[in-house]
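A.B. asks: Once you know that position 8 of the sequence shown is 514 in my numbering, the rest is easy, because the numbers rise by one and skip nothing.
Where is the CB? At the ideal position from N, CA and C, for every residue including glycine.
Given the structure is predicted, the values throughout are model-derived calculations rather than measurements.
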Amino acid sequence: MKLVSQHFSQLRRYSLARSQKLASHGAQSIILSLLIFAVVVEGTSSRLIISI
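#1: Report the rounded CA-to-CA distance for Q516 versus L509, giving the unit in angstroms.
#2: Who are the Cβ neighbours of S521 in its own chain at under 8 Å, not counting the five residues just before and after it?
#3: How big is the Cα-Cα spacing for H513 and V546?
#4: Which same chain residues end up closer than 8 Å to R524 when comparing Cβ atoms and leaving out the 5 residues on each side of it in sequence?
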């Protein structure tokens, strides 16, 4: 589980950096990317729980 949380923090750091870049493009794209990210995280976490 340690590896999973480490991977998740890397993803979160990456999404934060991307959302900061997208800030110049407007808040709508940030919300969109965060929504997509949340869906991806939900899918991977549920799959991880099933595999464990």
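C.D. replies: Result, derived from the coordinates:
#1: Reading the sequence shown from its first residue, position 10 is the one you call residue 516. Reading the sequence shown from its first residue, position 3 is the one you call residue 509. When rounded, the distance between both Cα atoms is 11 Å.
#2: As a first step, residue 521 is located in the sequence shown; it is residue number 15 there, counting from the start. Excluding residues up to 5 positions away in sequence, S539, L540 and F543 lie with their Cβ nearer than 8 Å to the Cβ of S521 in the same chain.
#3: Translated into positions along the sequence shown, residue 513 becomes position 7. Translated into positions along the sequence shown, residue 546 becomes position 40. Spanning the two alpha carbons is a distance of roughly 13 Å.
#4: Against the sequence shown, residue 524 aligns to sequence position 18. Scanning its chain for C-beta atoms nearer than 8 Å, with the 5 sequence neighbours on each side dropped, one finds around R524 the residues S539, in chain order.
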